[in-house]
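The structure under discussion appears below in the form of structure tokens.
There are 2 protein chains.
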Amino acid sequence: MSTIRDVAKEVGCSTATVSRALSHPEKVSKASLKRIHAAIEKLQYRPNMLSQQFRNKQANTIVILVPDIANLFFSTVISGIENVAQSKGFNVLLGDTRDSSEREKNFIKLVETKQADGVIQLRPYSKNSMLPKKFVTAVNACGCEDTPYPAVRIDNADAARQVTEHLISLGHKKIGLISGLTDNPHTIDRLKGYKQALAQAGIEFDPALVAEGDFTLWSGLNASEHFIRMTDRPTAIFSMNDEMAIGAMKGLKAKGLKIPEDISIAGFDDLEFSKYSDPPLTTVAQPAEKLGEKSAELLFQLIDGETSAQNEYVLPVEFIIRQSTAPPRS
Amino acid sequence: MSTIRDVAKEVGCSTATVSRALSHPEKVSKASLKRIHAAIEKLQYRPNMLSQQFRNKQANTIVILVPDIANLFFSTVISGIENVAQSKGFNVLLGDTRDSSEREKNFIKLVETKQADGVIQLRPYSKNSMLPKKFVTAVNACGCEDTPYPAVRIDNADAARQVTEHLISLGHKKIGLISGLTDNPHTIDRLKGYKQALAQAGIEFDPALVAEGDFTLWSGLNASEHFIRMTDRPTAIFSMNDEMAIGAMKGLKAKGLKIPEDISIAGFDDLEFSKYSDPPLTTVAQPAEKLGEKSAELLFQLIDGETSAQNEYVLPVEFIIRQSTAPPRS
DNA sequence: CTGTTAGCGCGTTCAT
DNA sequence: ATGAACGCGCTAACAG
């Protein structure tokens, strides 16, 4: 591999001029510029980024901590982040943490050792979270309430309340809930909204109507079986995400239940395929790509040392009524 | 942030000793080692990896080119790669290429500029592929036949032949095929195996029995509708991956067809949920994690300059018969 | 076992 | 507009 010196020698100028030609072309004469580019082409010169980064004390890289790269919602958030990062000339390192704090720690170490300039965490904050840490510029892209570091989020409780209110307004009184893991912050926030809506309507909360899932399709399917076995089955189900809702629909239909005639179901996230499910799913659209973009912008503000940065952004959601919800059989 | 010099000053030794304490502790006295570690702790010293990498001319990073990070098969291959990389102390950069060669090019540039030491490509090779390139150490983890650079793969044709032979041995003569995109190398290899099996059994290949999909669940569903509309419907279907098979099963069942009584179906990949599908899917298990591990090992051999490295590994598959295939109605 | 010295490739002064 | 010189933080070679 040729270095900047080889190019300088080829052109017959100093390395400083070559460097300038690349970083500040306006400070170099047209003539030199031309010859330098010719030499670069001829020698197949590629600046050694390791050297540049070392010199500039910036890796031009951010890390995204993703609990599950196969999750469609996360993929969309990642897209948003990548859009912004690319326009800033930053690389994006995807940290596939698989919900392991050990693996998370390793990725965070990349920032401590300067291999990356900042972190975007997609896992909502909880006590056992690695972040925040000293020396680590970080932002949460899928925040929950009371995240103790800069975060972008939606109002989960409010959104869950809207869904539940919708079901109540259709006339449902027994509303099943497919939750995420009990200690997941999003579960907690959304459960809060679910309870709020029930309370407002004077319906008592019934723990027997809650089936715990883990946000995967299969856990939704299992949850549906829980409801099917009940003697006094709910007439509607609110699933804390679309994947579980789709799993549940599969389970319910397999047992011969018609949706929404026999049982209504609503989800959360608005995945791409939720509008193609059978029937199309009533759900809450999270601005997933926007969450990614906003969090990336926020992170770059912090990296650039802008202290004025607001440290919480709550983005609006969109409640979408499709064909999976209807009034209960009278 | 403190540097190696601060630590040396604190301890009262030279920077070289501190450096050795970290990289070659056996060359440093116990006493010094102890004081150095104390100083590191006190000063919260973290070696600047940018500097190390620059000095060592190694980023200790490999890039995985992934066409679709939300694909379950790829996630598993990635796991395998990460296992090996971690044990080698390498970082893994996930290049989410979304099938865009523009994005692929950007990630490959990371190697050209030394920010990464090698590439593992998950997309099978085809003419328009960016790799191989000069100065870029690369390996393909999901190879097809005639990949022009080091690759790890399964024998796609042979596996497809096995599946088709199984269906033929059950007594099927009209065997539908749900293929991937026509120009996808895996489609080509698997189609070859399908045709071989038919030829061996003296069954003529009928293009009308081939429905083109794109490896997504939805394309499998669409394909099923194609078969349902046929007047002389196949009694069995071979789908080139499990996702399409599951989509097709959904479509067939929706039209009241029973699987396998009315129609048999076999897939390819053995996704985690294929054993839970209804009915459990007959399929070919790809050693996805092994493909990842083997390709990573191969890449590290190349990075370490081992020229003796074999440049193609064909890993065995496992054909798994479950309940989605049975003899045709007589 | 330890210190001294030199230099990796680049960008940025400060001269000219 | 250009060049000479320096140094970023670290490690390897050599000498002691």
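Chains as they are written, first to last, in the UniProt record's numbering: chain A, 1 to 330; chain B, 1 to 330.
Ideal Cβ positions, reconstructed from N, Cα and C, are used throughout, including at glycine.
Computed from a prediction, not measured in an experiment: that's the story for all the values here.
Asked                                                                                                                                                                                         : Found
Just to confirm before moving on: does the CB-CB distance between leucine 43 of chain A and serine 14 of chain A stay below 8 Å?                                                              : no
With glutamate 104 of chain B as the anchor, note down where its alpha helix (DSSP H) starts and where it stops.                                                                              : 101-112
Within the continuous beta strand (DSSP E) that includes alanine 146 of chain A, where are the two ends?                                                                                      : A small fix is needed here, since residue 146 of chain A is aspartate in this sequence, not alanine. It is not in any beta strand (DSSP E) - aspartate 146 of chain A carries neither H nor E in the DSSP assignment.
Using the beta-carbon count (16 or more within 10 Å), is histidine 24 of chain B buried or exposed?                                                                                           : exposed
Arginine 46 of chain B CB to nearest chain A CB: under 8 Å?                                                                                                                                   : yes
Applying the criterion that 16 or more other CB atoms from any shown protein chain within 10 Å of the CB defines a buried residue, is phenylalanine 300 of chain B buried or exposed?         : buried
CB leucine 298 of chain A to CB glycine 251 of chain A, shorter than 8 Å?                                                                                                                     : no
Closer than 8 Å by C-beta to threonine 216 of chain A: which residues in its own chain qualify, once you throw out the five before and the five after it? Chain order, please.                : Glu243, Met244, Gly247
Where do the N-terminal and C-terminal ends of the beta strand (DSSP E) with arginine 153 of chain B fall, by residue?                                                                        : 151-154
Within 8 Å (strictly less), CB to CB, does aspartate 270 of chain A reach chain B?                                                                                                            : no
Specify whether the stretch 59-67 of chain A and the stretch 133-146 of chain B touch according to this definition: at least 3 beta carbon pairs, one from each stretch, less than 8 Å apart. : no
Given a limit of 9 Å on CB to CB distance, which residues of the stretch 94-127 of chain A reach chain B?                                                                                     : Leu94, Gly95, Asp96, Arg98, Arg103, Asn106, Phe107, Lys109, Leu110, Glu112, Thr113, Lys114, Gln115
In chain A, what lies closer than 7 Å to serine 75 of chain B by C-beta?                                                                                                                      : Ile69, Ala70
Check each candidate in B/Arg229, B/Phe273, B/Ser277, B/Asp270 and name the one with the smallest Cα separation from lysine 255 of chain B.                                                   : B/Arg229
Between A/Pro185, A/Ser32, A/Ser295, A/Pro234, which has its C-alpha nearest cysteine 144 of chain A's C-alpha?                                                                               : A/Pro185
Closest by CA to glutamate 289 of chain A, which one among A/Tyr276, A/Ala201, A/Val317?                                                                                                      : A/Val317
If we count the other Cβ atoms within 10 Å of its Cβ and call it buried at 16 or more, is lysine 294 of chain A buried or exposed?                                                            : buried
DSSP three-state label for aspartate 189 of chain A, please.                                                                                                                                  : helix
DSSP three-state call for phenylalanine 319 of chain A: helix, strand or coil?                                                                                                                : strand
Could you check whether alanine 236 of chain A and glycine 180 of chain A sit closer than 8 Å to each other, using their CB atoms as the reference points?                                    : no
I need the straight-line Cα distance from glutamate 10 of chain A to threonine 137 of chain B, nearest angstrom please.                                                                       : 27 Å
Would you mind working out which of B/Arg123, B/Leu170, B/Asp270 sits nearest glutamate 104 of chain B, comparing C-alpha positions?                                                          : B/Arg123
Starting from glycine 220 of chain A, follow the beta strand (DSSP E) in both directions and report where the run begins and ends.                                                            : No beta strand (DSSP E) contains glycine 220 of chain A, which is instead part of the alpha helix (DSSP H) from 217-229.
For a contact defined as C-beta to C-beta under 8 Å, what are the partners of isoleucine 78 of chain B on chain A?                                                                            : Ile69, Asp96
Using a Cβ-Cβ cut-off of less than 9 Å, give me the residues of the stretch 127-152 of chain A that come near chain B, in sequence order.                                                     : Lys134, Phe135
Identify whether glycine 251 of chain B lies in helix, strand or coil by the three-state DSSP scheme.                                                                                         : helix
Let me check understanding here. Comparing Cα to Cα, which of B/Leu22, B/Ser29, B/Glu26 lies closest to tyrosine 45 of chain B?                                                               : B/Leu22
Could you tell me whether any Cβ in chain B is nearer than 8 Å to the Cβ of asparagine 241 of chain A?                                                                                        : no
Which residue from B/Leu50, B/Gly202, B/Gly12 puts its Cα closest to that of glutamate 33 of chain B?                                                                                         : The residue asked about is misnamed: residue 33 of chain B is leucine in this sequence, not glutamate. If we check each option's Cα against that of leucine 33 of chain B, B/Gly12 comes out closest.
With a cut-off of 8 Å, does the C-beta of serine 23 of chain B fall near any C-beta of chain A?                                                                                               : no
Could you tell me whether the Cβ of residue 332 of chain B comes closer than 8 Å to any Cβ of chain A?                                                                                        : Any question about residue 332 of chain B goes unanswered here, given that chain B covers just 1 to 330.
Who pairs with asparagine 184 of chain B in a beta bridge, going by DSSP?                                                                                                                     : Answer is none; asparagine 184 of chain B lacks a bridge partner.
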